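Peer 1: In my numbering, the protein residues as written are 14 to 340.
Where is the CB? At the ideal position from N, CA and C, for every residue including glycine.
Note that this is a predicted model, so its numbers are computed, not measured.
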Ligand code: NAD
Ligand code: UDP
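#1: Nearest to residue 90 by alpha carbon, out of 203, 76 and 131?
#2: Closer than 8 angstroms to a non-hydrogen atom of the ligand UDP - does that hold for the CB of residue 236?
#3: Can you look up residue 256 in the DSSP assignment and give me helix, strand or coil?
#4: 9 angstroms is my cut-off, CB to CB: does residue 250 come that close to chain D?
#5: DSSP puts residue 60 in a beta bridge; with which residues?
#6: What does the Cβ neighbour count give for residue 339, buried or exposed, with the cut at 16 atoms within 10 Å?
#7: Only counting the same chain, and skipping five residues up and downstream in sequence, which positions put a Cβ closer than 6 angstroms to that of residue 326?
#8: Helix, strand or coil for residue 329? Go by DSSP, reduced to three states.
#9: Buried or exposed for residue 116, please, with buried defined as at least 16 other CB atoms from any protein chain shown within 10 angstroms of its CB.
#10: What residue ranges within the region 117-196 form continuous beta strand (DSSP E) runs of no fewer than 3 residues, ordered along the chain?
#11: CA-CA distance, residue 28 and residue 105?
#12: Considering only the alpha carbon of each residue, which of 230, 162, 204 and 317 lies closest to residue 332?
#13: Using C-beta distances below 7 angstroms, list every residue in its chain close to residue 23, excluding the 5 sequence neighbours before and after it, in chain order.
#14: Residue 18 to residue 44, Cα distance in whole Å?
#15: Just the Cα atoms here: how many angstroms apart are residue 55 and residue 208?
#16: Hey, out of 276, 307, 240 and 290, whose CA is closest to residue 330's CA?
#17: Where does residue 115 fall in DSSP's three states?
#18: Tell me which residues share the same chain as residue 223 and place their Cβ nearer than 6 angstroms to its Cβ, disregarding the 5 neighbours each side in the sequence.
#19: Give the single residue among 164, 219 and 255 whose Cα lies nearest to the Cα of residue 150.
#20: Just to confirm before moving on: does the CB-CB distance between residue 194 and residue 261 stay below 9 angstroms?
#21: Taking 9 angstroms as the threshold (C-beta atoms), are residue 237 and residue 273 in contact?
#22: Taking only the alpha-carbon atoms, compute the straight-line gap between residue 279 and residue 289 and give it to the nearest angstrom.
#23: Going by Cα to Cα distance, which pick from 21, 211, 296 and 107 is closest to residue 71?
#24: Let me know the secondary structure DSSP gives residue 284 once reduced to three states.
#25: How far does the alpha helix (DSSP H) with residue 92 in it reach, from first residue to last?
#26: Sort 249, 232, 319 and 257 by Cα distance to residue 300 and report the nearest one.
#27: Identify every residue that forms a DSSP beta bridge with residue 273.
#28: Could you pull the start and end residues of the beta strand (DSSP E) that residue 222 belongs to?
#29: Run through the DSSP bridge pairs and tell me what residue 306 is partnered with.
#30: Who pairs with residue 51 in a beta bridge, going by DSSP?
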């Protein structure tokens, strides 16, 4: 094990992706992992298994308290962090829209503090950006070179514009100081440890099935998404994180198989063995009409390709939700 994961900070480590990432980092041989999370959208059950692990420290704290954050980072100077994974941020549209200020601060101001710290030590920073930086894209699939079509002052902008600013901040510190900063644009990812109440489409559909309710489809259901299973995403993150030659890079991570929501419902019918009732409701403002990653760059630089097809990944996720709900 190199020094890369000697002392790692995972912000948002109690969340869906963050907690899966922590488990993988431990498998990778990380010596020490510090999770900072205020549980605003994360779940305690995601980190219960880590409570007695001497390699893991969990700090319950809102990172947007920048006095606290600056002091805490300064207190790490004797044995500096070797790696920072910045994954803290609500990711579900209803949840980030319910906390717009926290959302834009955690992706901008907090990223600023972390990038500044990174530039002072030989720390590597990995920023969890998003396919939302492409907004409602006018090109499909979306390559990293596409600049996006984003409403700067809409309901989603507290999230997508702050992720864009987060990328700007990472780029500025990288260019000005040579800081080792890299960013993944993560496309819709699903799997165990999602919160079933989170409001994103996959947990919502499972919740409806488990409660014998109709699936709520927003709009006509013709909008598309491309869903990546968590294990595939984590593999891509780890390959990107460990590669010494990718400082300053931005890479899409997602599954390029594209489905519209009506097709997604059909897959849920196959999975559950039931004919599922659909209830249509109004499409939320600025809901992107299509989304599909161009992963040419990830294939080339990371030799990475998602392995888990949607039906297989959904089956694993269904098992998780059934077990959680006791049904
Ligand atoms: P999640 O809501 O499950 O996890 C986010 C975690 O961050 C939670 O544990 C939450 O409590 C914590 N958090 C949020 N604000 C915080 C704050 N101010 N201080 C401390 N902790 C805070 O979401 P997720 O799906 O695991 O997403 C993780 C990251 O990946 C986010 O940055 C998100 O934008 C990004 N991302 C996720 C997806 C996806 O499909 N899951 C897609 C694109 C980008
Ligand atoms: N959606 C839906 N029903 C739901 C939740 C979401 O039809 O219960 C739709 C939503 O309008 C969007 C797609 O599913 O078009 C994916 O939504 P999600 O919130 O999972 O992620 P997004 O990609 O929009 O951030």
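Peer 2: Considering the structure as presented:
#1: 131
#2: yes
#3: coil
#4: Given the protein chain composition of this structure (a single chain), no chain D is represented.
#5: Partner(s): none; residue 60 has no beta bridge.
#6: exposed
#7: 242
#8: helix
#9: buried
#10: 137-143
#11: 11 angstroms
#12: 204
#13: 31, 34, 35, 46, 48, 98 and 100
#14: 7 angstroms
#15: 8 angstroms
#16: 240
#17: helix
#18: 338 and 340
#19: 164
#20: yes
#21: yes
#22: 8 angstroms
#23: 21
#24: helix
#25: Run containing residue 92: none; DSSP gives neither H nor E here.
#26: 232
#27: 237
#28: Counting along the chain, residue 222 falls outside any beta strand (DSSP E), though it belongs to the alpha helix (DSSP H) covering 214-223.
#29: 155
#30: Its beta-bridge partners do not exist; DSSP assigns none.
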